[in-house]
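Step one of this worksheet: look at the structure below.
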Amino acid sequence: MDTIHKIGRRKTAVARVYVSEGKGNITVNKKDYKDYFTTSHLQYKVMQALNLTDNAEAFDIKVNVFGGGITGQAEAIRLAISRALCEIDAENRGILKPEGLLTRDPRMVERKKFGQKKARKKFQFSKR
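Take a look at the structure:
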């Protein structure tokens with residue numbers, strides 16, 4: 220199997236994932252993913268697609284991720300890994316699609332408007 224390259228995005232985070240056959244090592248920006256994502260729910264998000272398809276020990280994954288915060292980065296990695304697993308085996312699509320792991324989350328930060336304090340919040344109104 221050759222190395223498969225896929226891209227995942229979430230908010231402003233972009234993850235480039237390189238999947239090859241191996242023993243289940245995942246490196247994110249040249250660190251182990253457990254060192255990069257210290258909380259358990261972010262580690263779960265990174266591993267979610269691999270655990271659902273029972274491929275946690277089958278592939279080595281190298282990730283370059285930049286932009287956004289750690290939650291956006293973890294979800295961008297999850298999308299990229301899901302896309303790569305679908306390219307490796309088409310049967311994985313039937314497992315990942317109902318879980319929503321192949322859908323790019325379109326929610327972005329709403330811009331701040333002039334004449335307002337934030338995107339939706341107005342300045343305090345004084346009647347008198």
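Residue numbers (my numbering): 220 to 347. Here a beta-carbon is modelled for each residue, glycine too, at the ideal position from N, C-alpha and C. All values derive from a computational prediction rather than experimental measurement.
Per DSSP, cross-strand counterpart(s) of residue i
i           : result
residue 251 : 246
residue 229 : 232
residue 224 : 237
Close beta carbons around residue i, own chain, < 8 Å, minus the five adjacent residues each side
i           : result
residue 321 : 298, 301, 302, 305, 312 and 315
Between the CA atoms of residue j and residue i - distance to the nearest angstrom
i           : j           : result
residue 293 : residue 347 : 49 Å
residue 342 : residue 288 : 28 Å
residue 325 : residue 319 : 13 Å
residue 221 : residue 242 : 15 Å
residue 254 : residue 246 : 9 Å
Residues near residue i in its chain [Cβ-Cβ closer than 7 Å; skip 5 each side]
i           : result
residue 274 : 304
Return the chain-ordered ranges of every beta strand (DSSP E) run that is complete within the segment 263-345 and spans a minimum of 3 residues.
278-285
Between the segment 256-269 and the segment 330-343, do three or more beta carbon pairs fall short of 8 Å?
no
Stretch pair the segment 224-237 + the segment 262-270: three plus CB contacts closer than 8 Å:
no
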